[in-house]
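**Student:**
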Amino acid sequence: MQEIIGLSKEELISALCEMGEKSFRAKQIWQWLYVQGVKTFDEMTNLSKDLRAKLSERFILSRPKIVTEQVSSDKTHKWLLEFADGQRIETVFIPEDDRGAVCVSTQVGCAVGCKFCHTGSQKITRNLTAGEIISQFMLVKDVYGEWPSSSQENRQVSNIVVMGMGEPLHNVDNVIKALNIATDQDGLAVSKRRVTLSTSGIVPNIPRIAQETGVKLAISLHAPNNTKRSQIMPINQVHPIEDILQACQEYQKVVTSRYITFEYLMLDGFNDTLQDAQELVALMKKYKIGAKFNLIPFNPWPGCGFKPSSNNHVYAFSRELEKAGFAAPVRTARGQDILAACGQLKSKGSI
Ligand code: SAH
Ligand code: SF4
Numbered sequence: 062m063q064e065i066i067g068l069s070k071e072e073l074i075s076a077l078c079e080m081g082e083k084s085f086r087a088k089q090i091w092q093w094l095y096v097q098g099v100k101t102f103d104e105m106t107n108l109s110k111d112l113r114a115k116l117s118e119r120f121i122l123s124r125p126k127i128v129t130e131q132v133s134s135d136k137t138h139k140w141l142l143e144f145a146d147g148q149r150i151e152t153v154f155i156p157e158d159d160r161g162a163v164c165v166s167t168q169v170g171c172a173v174g175c176k177f178c179h180t181g182s183q184k185i186t187r188n189l190t191a192g193e194i195i196s197q198f199m200l201v202k203d204v205y206g207e208w209p210s211s212s213q214e215n216r217q218v219s220n221i222v223v224m225g226m227g228e229p230l231h232n233v234d235n236v237i238k239a240l241n242i243a244t245d246q247d248g249l250a251v252s253k254r255r256v257t258l259s260t261s262g263i264v265p266n267i268p269r270i271a272q273e274t275g276v277k278l279a280i281s282l283h284a285p286n287n288t289k290r291s292q293i294m295p296i297n298q299v300h301p302i303e304d305i306l307q308a309c310q311e312y313q314k315v316v317t318s319r320y321i322t323f324e325y326l327m328l329d330g331f332n333d334t335l336q337d338a339q340e341l342v343a344l345m346k347k348y349k350i351g352a353k354f355n356l357i358p359f360n361p362w363p364g365c366g367f368k369p370s371s372n373n374h375v376y377a378f379s380r381e382l383e384k385a386g387f388a389a390p391v392r393t394a395r396g397q398d399i400l401a402a403c404g405q406l407k408s409k410g411s412i
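So in the working numbering, the last spot in the sequence shown is 412, and the numbers never skip.
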């Protein structure tokens, strides 16, 4: 038995051909799965009973199990989800007025071990499959009743941010597969402009994201030089800032129309002075990348050694970057009261 969610279109077609079916059946099934959002083969009413029975003998069609869920006072919605082998991850939905982003996880735990990150304090257990990644988005569509087949008018489940638990470029094959399912025009049809992948900078895999997906890229930079970055992100010793920025230059040659977002966590007394901001500006000007910043207020978690920067520092830092011509909004922390904000996710949940 094989999970049907997460197979690429080509894999589905060849599985159907192996079963002696015509390839147009794969297209019909694809639409049931990703346009209608059905959860059983029996709902695929334009297929014969016989074929539906064959499909349920060959494939599993399921969603992750909801273990617990919480809704924050700001409407941020978080689920602790469990997969068939009992492994758990968290998924977060961040609604805004006319859109909303599903923050998906890509691994159980993370091997990168950034010092400020709750997920990183938990060892890596395993990669998620493509099906487990895309089914997080599908589950949120189920919960909000937003499949095209439903009568819901004001659609909010519109964007995907690959910013949950895990380092997506340590699980690059499955992540690429999942994003291609998400953006497939015959299926979920999420626009590539509405998908952002965030990485700590696993340089060798960055070109594949450009070539094989074309989604927006975000880099977790968090420091203006290698000395500071290595102190909080040990991965910087393997892939230093210069290599990451070169990879970003190459990215923009392929995905030409989009800015690269540099995420910058504001850590009190560590990376939040005007001097840090000026160093950052000099770095960006040198590499001439179409860049914007996202200043992230640090979300504390039990046992972490850092404190968030004061608002004064954050806004002064932002002004310094904007003076140099870079957009540098301060990200509003969402869902803090339920530990759903960036860097706060864990697979034991936090309830
Ligand atoms: N592994 C990827 C994506 C997941 S982390 C990456 O590191 O980019 C998503 C974002 O949350 C990253 O920018 C990460 O640096 C940030 N983050 C981690 N811990 C945080 C914390 N405690 N407070 C705020 N943001 C945090
Ligand atoms: Fe992993 Fe990203 Fe957390 Fe670093 S910030 S430990 S890369 S999830």
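Quick reminder that beta carbons are idealized off the backbone N, C-alpha and C, glycines included. Predicted, not measured: the structure shown is a model, and the values here were computed from it.
1. Identify the continuous alpha helix (DSSP H) that holds I270 and give its terminal residues.
2. Quick check: the region 75-85 against the region 187-197, are there 3 or more CB pairs under 8 Å?
3. Would DSSP call V228 helix, strand or coil?
4. Could you check whether I321 and L278 sit closer than 8 Å to each other, using their CB atoms as the reference points?
5. Is there a Cβ of chain D sitting closer than 8 Å to that of V173, yes or no?
6. Say yes only if the C-beta of H300 is nearer than 7 Å to one or more non-hydrogen atoms of the ligand SAH, and no if none qualify.
7. Compare the beta carbon distance of K115 and M62 with 8 Å and say whether it is the shorter of the two.
8. Going by DSSP, name the residue or residues bridged to S259.
9. Could you have a look at F378 and say whether DSSP puts it in helix, strand or coil?
10. Can you tell which of K349, T288, A145 and E214 has its C-alpha closest to the C-alpha of F387?
11. Taking 5 Å as the limit, tell me which residues put their C-beta closer than that to any heavy atom of the ligand SF4, in chain order.
12. If we call anything under 8 Å between Cβ atoms a contact, is R187 one with V233?
13. Apply the 10 Å Cβ neighbour rule to L132 and answer buried if 16 or more other Cβ atoms are within range, or exposed otherwise.
14. Alpha carbon to alpha carbon, what distance is there between V128 and T180?
15. With DSSP as the reference, identify every bridge partner of C164, one or two as the case may be.
16. How many Å lie between K353 and I221 at the Cα?
17. Please report the residue range of the alpha helix (DSSP H) in which N235 lies.
18. For the ligand SAH, I want to know if S259 counts as a neighbour, meaning its beta carbon is within less than 7 Å of at least one of the ligand's heavy atoms.
19. Among residues of its own chain, excluding the 5 on either side of G174, which ones have a beta-carbon nearer than 7 Å to its beta-carbon?
20. With respect to 7 Å, is the separation between the Cβ of N360 and the closest non-hydrogen atom of the ligand SAH below this value?
21. Taking Cβ positions, are D247 and G98 nearer each other than 8 Å?
22. Is the region 223-243 close to the region 101-113, with three or more CB pairs under 8 Å?
23. Between I90 and the rest of its own chain, which residues show a CB-CB distance below 7 Å, the 5 nearest in sequence each way excluded?
24. Considering only heavy atoms of the ligand SAH, does any lie closer than 7 Å to the CB of S281?
**Tutor:** With the given structure in hand:
1. For the purposes of this step, residue 270 is identified with residue 209 of the sequence shown, where counting begins at 1. Note, I270: alpha helix (DSSP H), I267 to E273.
2. No, the region 75-85 is not in contact with the region 187-197.
3. Start at 1 with the first residue of the sequence shown, and residue 228 comes out as number 167. Val is not the amino acid found at residue 228; the sequence shown has Glu there. Of the three classes helix, strand and coil, the one that applies to E228 here is coil, per DSSP.
4. Stepping through the sequence shown from its first residue, residue 278 is reached at position 217. Stepping through the sequence shown from its first residue, residue 321 is reached at position 260. Against a cut-off of 8 Å, the Cβ pair of I321 and L278 comes out as a contact.
5. Judged by its chain identifiers, the structure shown contains no chain D, having just a single protein chain.
6. Locating residue 300 in the sequence shown gives position 239, counting from the first residue. H300: no, Cβ never under 7 Å from the ligand SAH.
7. Taking the sequence shown and counting its residues from 1, one reaches residue 115 at position 54. Taking the sequence shown and counting its residues from 1, one reaches residue 62 at position 1. Not a contact, by the Cβ cut-off of 8 Å.
8. Translated into positions along the sequence shown, residue 259 becomes position 198. DSSP, once it has assigned bridges, lists A279 as partnering S259.
9. The count along the sequence shown starts at 1 and reaches residue 378 at position 317. Here F378 sits in helix by DSSP.
10. Start at 1 with the first residue of the sequence shown, and residue 387 comes out as number 326. Ranked by how close their Cα comes to the Cα of F387, the residues K349, T288, A145 and E214 have K349 in first place.
11. Taken from the N-terminal end onward, the list reads C171, V173, C175, C178, T180, G181, E228 and S261.
12. As a working note, residue 187 is residue 126 in the sequence shown. As a working note, residue 233 is residue 172 in the sequence shown. Not closer than 8 Å, so no.
13. As a first step, residue 132 is located in the sequence shown; it is residue number 71 there, counting from the start. First, the amino acid is wrong: residue 132 is Val here, not Leu. Around the beta carbon of V132, fewer than 16 other beta carbons sit within 10 angstroms, so the residue counts as exposed.
14. Start at 1 with the first residue of the sequence shown, and residue 180 comes out as number 119. Start at 1 with the first residue of the sequence shown, and residue 128 comes out as number 67. Straight-line spacing of the CA atoms in T180 and V128 works out to 18 Å.
15. The residue you call residue 164 lines up with position 103 of the sequence shown. Answer by DSSP bridge pairing, in chain order: V153 and V222.
16. Within the sequence shown, the letter at position 292 stands for residue 353. Within the sequence shown, the letter at position 160 stands for residue 221. Approximately 19 Å, taken between the alpha carbons.
17. Numbered from its first residue, the sequence shown carries residue 235 at position 174. Looking at the DSSP string, the run of the alpha helix (DSSP H) that includes N235 is V233 to T244.
18. By 1-based counting over the sequence shown, the position of residue 259 is 198. Taking 7 Å as the cut-off, one finds at least one heavy atom of the ligand SAH near enough to the beta carbon of S259.
19. On the sequence shown, residue 174 is found 113 positions in, with the first residue counted as 1. Apart from sequence neighbours up to five positions away, the residues of its chain that approach G174 with a beta-carbon distance below 7 Å are G181 and P295, ordered along the chain.
20. Your numbering for residue 360 matches position 299 in the sequence shown. Inclusion of N360 in the 7 Å shell around the ligand SAH follows from its C-beta lying nearer than that to a non-hydrogen atom of the ligand.
21. For the purposes of this step, residue 247 is taken as residue 186 along the sequence shown, with counting starting at 1. For the purposes of this step, residue 98 is taken as residue 37 along the sequence shown, with counting starting at 1. Not in contact: D247 and G98 (Cβ atoms no closer than 8 Å).
22. Taking 8 Å as the limit for Cβ pairs, the verdict is that the region 101-113 does not touch the region 223-243.
23. In the sequence shown, residue 90 corresponds to position 29, counting from 1. Once the five neighbours on either side are set aside, the close Cβ partners of I90 are L73 and M105.
24. To locate residue 281, count along the sequence shown from 1; it is residue 220. At least one heavy atom of the ligand SAH is nearer than 7 Å to the Cβ of S281, so yes.
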